[in-house]
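These notes concern the structure reproduced below.
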Amino acid sequence: MAPKAEKIQKTDEQWRQELTPEQYRVLREAGTERAFTGELWDVHDDGVYRCAGCGAELFGSDAKFDSGTGWPSFFEPADDDAVETARDWKMVIPRTEVRCSRCGGHLGHVFNDGPNPTGKRYCINSCALQLDKS
Ligand code: FE
Numbered sequence: 051m052a053p054k055a056e057k058i059q060k061t062d063e064q065w066r067q068e069l070t071p072e073q074y075r076v077l078r079e080a081g082t083e084r085a086f087t088g089e090l091w092d093v094h095d096d097g098v099y100r101c102a103g104c105g106a107e108l109f110g111s112d113a114k115f116d117s118g119t120g121w122p123s124f125f126e127p128a129d130d131d132a133v134e135t136a137r138d139w140k141m142v143i144p145r146t147e148v149r150c151s152r153c154g155g156h157l158g159h160v161f162n163d164g165p166n167p168t169g170k171r172y173c174i175n176s177c178a179l180q181l182d183k184s
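Just so we're aligned: 105 in this note's numbering is position 55 of the sequence shown, and the numbers increase by one with no gaps anywhere.
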């Protein structure tokens, strides 16, 4: 795997120019797209899922599984360093937020009810991802 790229920092104005309004709302404001509305939750192609904000490699299609939630779901990131997590207290039961390590963009949340081999379920917004088909 290639060495980790530098962290990416852009101004709010730059993000607003580069992202669609929905991507901005999710990636920069920690929003959540409506379930079953994204483009990637039901996609089964082989490839690499990249951050829609910065292009960093986040998840591999081999870790994608059908969670039934309406969001793309993965049991592990492409690399241990690809994503960062943080406690999210916005709901009564705290959740663990998942962010892109390179640009800090909000991707979704990770839960402990995933399948083998990790038991993790990375529940990720479609619009925060771009699929590079292989
Ligand atoms: Fe990113």
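Virtual Cβ for every residue (Gly too), placed ideally from N, Cα, C.
Span separating the alpha-carbon of G105 from that of T82:
As a working note, residue 105 is residue 55 in the sequence shown. As a working note, residue 82 is residue 32 in the sequence shown. Approximately 20 Å between the Cα atoms of the pair.
Got a sec: does the ligand FE put a non-hydrogen atom nearer than 7 Å to the Cβ of G155?
Start at 1 with the first residue of the sequence shown, and residue 155 comes out as number 105. Within the cutoff, so yes.
What's the C-alpha gap between A113 and R84?
Position 63 of the sequence shown holds residue 113. Position 34 of the sequence shown holds residue 84. Straight-line Cα distance between these residues: approximately 22 Å.
If you draw a straight line from the C-alpha of F124 to the C-alpha of Q73, how long is it?
Here the question's residue 124 lines up with position 74 in the sequence shown. Here the question's residue 73 lines up with position 23 in the sequence shown. So the alpha carbons of these two residues sit roughly 20 Å apart.
What does DSSP give as the partner residue(s) for I174 in the beta ladder?
By 1-based counting over the sequence shown, the position of residue 174 is 124. Its beta-bridge partners are G158.
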